[in-house]
Structures are given as C-alpha cells and as structure tokens.
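Step one of this worksheet: look at the structure below.
Residue numbers (my numbering): 235 to 402.
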C-alpha cells in the first residue's frame with residue numbers, strides 16, 4: 235500500500251516557495267541598506283579628513299606668508315597685523331602677530347601708518363636687544379554656511395620664529 239503525503243499539496247508548496255523568496259529578498263534588502271549606510275559614512279569621513287588636512291596645510295602656508303610679509307617689510311618697520319582672508323571661498327584664515335622686543339626705536343625713521351599696521355623694532359645693533367622673535371598665531375576655519383563637512387573644523391597653530399636676520 236502506497237501512502238500519499240497530503241500535508242504538502244501543490245498549493246501549499248507554492249505558498250512556502252513564495253514565503254522563502256520574500257524572506258530572501260528581505261535579507262538582501264537589509265544587507266544592501268547596511269552596505270549603503272557604511273559607504274555613506276566612510277564617504278563623509280573621507281571628506282572630513284580631506285578638508286581637515288587642507289586646513290592644516292593652509293595654516294602652515296599662512297604662517298610662511300606672515301613671515302614673508304615680515305621679511306619684505308622695509309627696514310625695521312614690520313607688520314603688526316595681517317588682514318583676515320578667505321581661501322577657495324571655504325576656509326577663513328586669521329593671522330595674529332606678536333613680537334618679542336617690540337619697542338619704539340630711537341632712530342630717525344618713521345613707519346607708514348604706525349598706529350595701525352606697522353611697529354618699529356629696535357635693531358640688532360643695540361646692546362640690550364640682540365634678538366627679535368615673532369609669535370604667529372594662525373587660525374583656519376571652515377565656513378559653517380558652506381556645509382562642506384559634517385562637523386565644524388577649526389585648526390589653530392602657533393609658531394615662534396627668529397626674525398633677527400630681518401631686523402637691519
């Protein structure tokens with residue numbers, strides 16, 4: 235006597251196949267959503283890292299620019315301030331300068347616009363002031379209204395440079 239399996243008829247086998255197919259699709263959808271989320275997160279991290287590295291390089295270049303402005307200043311009139319500027323319409327750069335041994339010189343020379351932009355440094359020939367130093371504070375910020383990064387980026391660097399060769 236042959237026994238018939240009546241538990242799984244043709245219609246119930248089709249329903250089981252349909253449920254298995256839906257289950258596989260749900261699992262694939264979850265895996266795809268997770269991979270897209272990870273891809274988006276890594277893209278944001280790459281952009282943030284790139285913008286931060288650019289800001290660090292701009293900070294270093296801004297310090298060199300400030301030192302160049304000091305070096306090209308005539309005689310002992312050195313810039314007391316450098317106006318803030320913007321790079322690539324994304325990065326705001328602010329440079330603050332402070333001098334060690336910045337005093338009014340006793341020589342007969344005048345600086346252009348001494349109240350705002352220039353300061354006189356006593357020369358290296360003076361007995362009590364043989365060296366001159368400058369402290370350069372550089373701040374590079376990413377403009378918040380540009381929505382370039384997922385978090386605000388602000389780089390601050392402080393440099394101490396010997397300016398004795400530039401003081402004549």
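Glycine is no exception: its CB is placed at the ideal position from the N, C-alpha and C atoms.
Straight across, the Cα-Cα distance linking residue 298 with residue 275 is about 35 Å. Taking all protein chains shown into account, residue 257 has fewer than 16 neighbouring C-beta atoms within 10 Å of its C-beta and is therefore exposed. Separation of residue 324 and residue 391 (C-alpha to C-alpha, rounded to the nearest whole angstrom) is 18 Å. In this structure, the straight-line span from the alpha carbon of residue 332 to that of residue 321 is close to 23 Å. Bounds of any beta strand (DSSP E) do not take in residue 385, whose DSSP letter is neither H nor E. DSSP, reduced to helix, strand and coil, places residue 317 within a strand of the structure shown. At least 9 Å separates the beta-carbon of residue 330 from that of residue 387. With contacts defined as CB atoms closer than 9 Å, residue 326 and residue 367 fail to qualify as a contacting pair. The Cβ atoms of residue 290 and residue 376 do not sit closer than 9 Å to each other. The DSSP-derived three-state label of residue 324 is coil. The C-beta of residue 372 has 16 or more other C-beta atoms within 10 Å across all chains shown, which makes the residue buried.
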